[in-house]
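K.L.:
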Amino acid sequence: MKKITLFLLAAGLLLASSCSNDALDIKNQNAYSDATYFKTATQFNEAVIATYSVFLHQGMYSRDWYFLFDLLGNDAERDAPLLGDLLQLHDYSYGTTQQQITSLWGSLYRMIYRANLVIDKAGQWSPELPEEITKKNQYLAEAHFLKGFAEFQLVALWGRVPLRPDYFSSTAYAAPRATIAEGWEVVEADLKAAIEGLPLTYASADLGRATQGAAIALLGKAYLYQKKYALASTELEKLTKAPFAYALNPNFDNQFSESNGTSPETVFDIPHKWVDAATGQQTYYFGGQEAWGGLATHSGRAQEYGWNDWRNVFISNAAVQAFTYLDEEGESYTDPRAKLTFYGDAASGGDTDFCQTCPASKITPLPSYAANSPNGGPFPYPFEAAGYRWRKYENYEVVEQFGGPQSNINSQVIRFADVLLLLAESYIQQSNMEAGLQLINQVRARVNAFPYTQLGNQTEAMKLLMRERQLELCGEQSRWFDLNRWGIAKQTINPEKQAAIGSQPLTDKYLLLPIPEAEKLTNSAVASDIADDWN
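See the structure below:
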């Protein structure tokens, strides 16, 4: 029987080998590749959403981004609970293996890779239905915006970086570093392509996607960074008139609350709506974005910055002091935005109470600040024990403690006040002081700050503009970028650090971020083109 079985098996194999190859070449209908999967609008939308999702990856807006640039820009100071690699950002002692910088580099190139995939595959799609043709143009434009955003950050932070202009180049290991000018060229090209296809607005179900206004704002910002002031003002002016309807939020505080997703001031933001506690994990931002994290999209900023929670950082003394300055009569003046930015004492202008609508305290043992308020808030802010602490992006007016890193407050990437100040800067650099004055006063009027009657000469006007950006955008990860592009990072931050920690740690090499060690190990073209093992 054994011989018969072996014979039949051998015969079967011979028969099979004599059959047509077509009969054996059966495709697995459950297996897909990038060449076979993308065929419908739904599938292309999935690819676009996957590109947006990188905003929540490590190095980005779920956690690392705000630590990186608030610490580097000295808007924030470390507190005792801050540990590990984040400490290196505080005193500029990091190297080429720093975790958050490495993660940021990887996430930005991941965004470019995914955007290039959309551009390549959607570019080959030939829909016939009018609504699908519209969707194709939108998806291509969104991909160009996201690619342009990532390229912008890479050039601004690292200078000369490898460019990945298309899907094929995204998969190549060795890619040489381009010049800074070449980097800005691809930023401009991608954002111009985005402007052509992006809609002005979206239905409520699609809020958070990039609009034409967002692409125009980022292009104008790119021009400003390159000192192309006339081009910058041409782009940014568009956002101040029809068909755009941007406006300053009448309530500054609300721009950093859970309702900010529908604000007329928001040009582009990162939605952080907590999806479902049963399927999303609060700690997903420690590495579980596309693995064990579930459907989480929230930010940990409020919990990690919160004075009554993890208190990893606090607002720097330098930032606090900036809110008190001389008015046009030479008298000391405290800017109204102080009370909306940080908790502190009356002398600093910071908010001196919290929990305006909180119920009775549930903390055991009862904290001293609640001892005289048994029925709930407001509670006096415990300045003597806590010092100056962040209020912006916190929810301490409605909750006493967060109970977990699950903030729903959207991260502001570009808002209209930022646009107005960028436009004012472009006017000042073109010696149009009157136009710059009107825009600065427009931003100040929202918080009832006194209006300037004149800006002085160009140097004086820029000093006022720089302070206005510092106060308006404090704690929004803008200052490191601003100080660097103005060329005053060292001369500004080192005296601030000297007063705070007794040293001046910011040297020239730290003005550009280091090329990560991981990139040097995999990209030989970059490894051979780095000065002093840094950049």
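According to mature numbering (1 follows the signal peptide of the UniProt record, and there is no 0), the sequence shown holds residues -23 to -1, 1 to 512 in order. All residues carry an ideal CB built from backbone N, CA and C; glycine is no exception.
#1: For Gln481, which residues from the same chain have a beta carbon less than 7 Å from its beta carbon, with the 5 sequence-adjacent residues on both sides left out?
#2: Could you give the residue range of the beta strand (DSSP E) that holds Val324?
#3: With DSSP collapsed to three states, give me the class of Leu94.
#4: So, does the stretch 289 to 308 touch the stretch 43 to 55, judging by three or more C-beta pairs under 8 Å?
#5: Ends of the alpha helix (DSSP H) at Val132?
#6: I need the straight-line Cα distance from His34 to Leu81, nearest angstrom please.
#7: Are Arg366 and Phe229 close, meaning C-beta to C-beta below 8 Å?
#8: Apart from the five residues just before and just after Leu140, which ones in its own chain have a Cβ nearer than 8 Å to its Cβ?
#9: Distance check for Ala323 and Ala394, CA to CA, integer angstroms please.
#10: Would you tell me roughly how many angstroms separate the C-alpha atoms of Asn(-3) and Asn385, rounded to the nearest one?
#11: Going by other Cβ atoms of all chains shown within 10 Å of its Cβ, with 16 needed for buried, is Tyr150 buried or exposed?
#12: In three-state DSSP terms, what is residue 533?
#13: For the alpha helix (DSSP H) that contains Thr28, what are its first and last residues?
#14: Round the Cβ separation of Phe122 and Leu94 to the nearest angstrom and send it over; I've been treating them as touching at under 8 Å.
#15: Which of the three DSSP states, helix, strand or coil, is assigned to Asp506?
#16: Alpha carbon to alpha carbon, what distance is there between Asp485 and Ser403?
#17: To the nearest angstrom, how far is it from the Cα of Glu361 to the Cα of Tyr223?
#18: Reducing DSSP to helix, strand and coil, say where Gln357 ends up.
#19: Would Leu397 and Leu416 be called neighbours here (beta carbons separated by less than 8 Å)?
#20: Can you tell me whether Gly270 is buried or exposed? The criterion is at least 16 other CB atoms within 10 Å of its CB, across all chains shown.
#21: In whole angstroms, what separates the C-alpha of Ile78 from that of Glu308?
#22: Which residue from Lys339, Asn387, Phe319 puts its Cα closest to that of Cys451?
#23: For the beta strand (DSSP E) containing residue 541, list its first residue and its last residue.
P.N.:
This is what the structure holds:
#1: The residue labelled residue 481 in the question sits at position 504 within the sequence shown. If the five residues before and after Gln481 are omitted, its C-beta is found closer than 7 Å to the C-beta atoms of Asn471, Lys474, Gln475, all from its own chain and listed in chain order.
#2: The sequence position of residue 324 within the sequence shown is 347, counting from 1. The question names Val, yet the displayed sequence has Ala at residue 324. That residue, Ala324, is in no beta strand (DSSP E); it is neither H nor E in DSSP.
#3: Here the question's residue 94 lines up with position 117 in the sequence shown. Under the three-state reduction of DSSP, Leu94 is assigned to helix.
#4: yes
#5: As a first step, residue 132 is located in the sequence shown; it is residue number 155 there, counting from the start. Unbroken alpha helix (DSSP H) run through Val132: 107 to 135.
#6: Numbered from 1 along the sequence shown, position 57 holds the residue referred to as residue 34. Numbered from 1 along the sequence shown, position 104 holds the residue referred to as residue 81. Cα-Cα distance, rounded: 9 Å.
#7: Indexing the sequence shown from 1 puts residue 366 at position 389. Indexing the sequence shown from 1 puts residue 229 at position 252. Against a cut-off of 8 Å, the Cβ pair of Phe229 and Arg366 comes out as no contact.
#8: Here residue 140 is taken as the residue at index 163 of the sequence shown, counted from 1. Within the same chain, Leu140 has close Cβ partners Glu128, Ser146, Ala152, Ala155, Glu159, Gly160, Val163.
#9: Position 417 of the sequence shown, counted from the first residue, corresponds to residue 394. Position 346 of the sequence shown, counted from the first residue, corresponds to residue 323. For Ala394 and Ala323, the distance between alpha carbons rounds to 27 Å.
#10: Working through the sequence shown from its first residue, we reach residue -3 at position 21. Working through the sequence shown from its first residue, we reach residue 385 at position 408. Reliability of the predicted coordinates at Asn(-3) is poor, the pLDDT of 47 falling under 50, and no value is obtained from them.
#11: Looking up residue 150 in the sequence shown gives position 173. Classification for Tyr150: exposed.
#12: Residue coverage of the chain in this structure runs from -23 to 512, which leaves residue 533 outside it and unanswerable.
#13: What you label residue 28 is simply residue 51 of the sequence shown in a count that begins at 1. Looking at the DSSP string, the run of the alpha helix (DSSP H) that includes Thr28 is 18 to 29.
#14: Here residue 122 corresponds to residue number 145 of the sequence shown, with the count starting at 1. Here residue 94 corresponds to residue number 117 of the sequence shown, with the count starting at 1. With a Cβ gap of about 15 Å, Phe122 and Leu94 do not count as contacting.
#15: Counting from 1 along the sequence shown, the entry for residue 506 is found at position 529. In the structure shown, Asp506 sits in coil (DSSP, three-state: anything other than H, G, I, E or B).
#16: Your numbering for residue 403 matches position 426 in the sequence shown. Your numbering for residue 485 matches position 508 in the sequence shown. For Ser403 and Asp485, the distance between alpha carbons rounds to 27 Å.
#17: In the sequence shown, counting from the first residue as 1, residue 361 sits at position 384. In the sequence shown, counting from the first residue as 1, residue 223 sits at position 246. The alpha-carbon atoms of Glu361 and Tyr223 are separated by roughly 41 Å.
#18: Working through the sequence shown from its first residue, we reach residue 357 at position 380. Residue 357 is actually Pro in this sequence, not Gln. Strand, per DSSP.
#19: The sequence position of residue 397 within the sequence shown is 420, counting from 1. The sequence position of residue 416 within the sequence shown is 439, counting from 1. Yes, the Cβ-Cβ distance between Leu397 and Leu416 is below 8 Å.
#20: Taking the first residue of the sequence shown as position 1, residue 270 is located at position 293. Classification of Gly270: buried, given that the 10 Å Cβ count is 16 or more.
#21: By one-based count along the sequence shown, residue 78 stands at place 101. By one-based count along the sequence shown, residue 308 stands at place 331. If I take the Cα positions, the gap works out to 43 Å.
#22: Taking the first residue of the sequence shown as position 1, residue 451 is located at position 474. Measuring from the Cα of Cys451, the nearest candidate turns out to be Phe319.
#23: Nothing can be reported for residue 541, as the shown portion of the chain is limited to -23 through 512.
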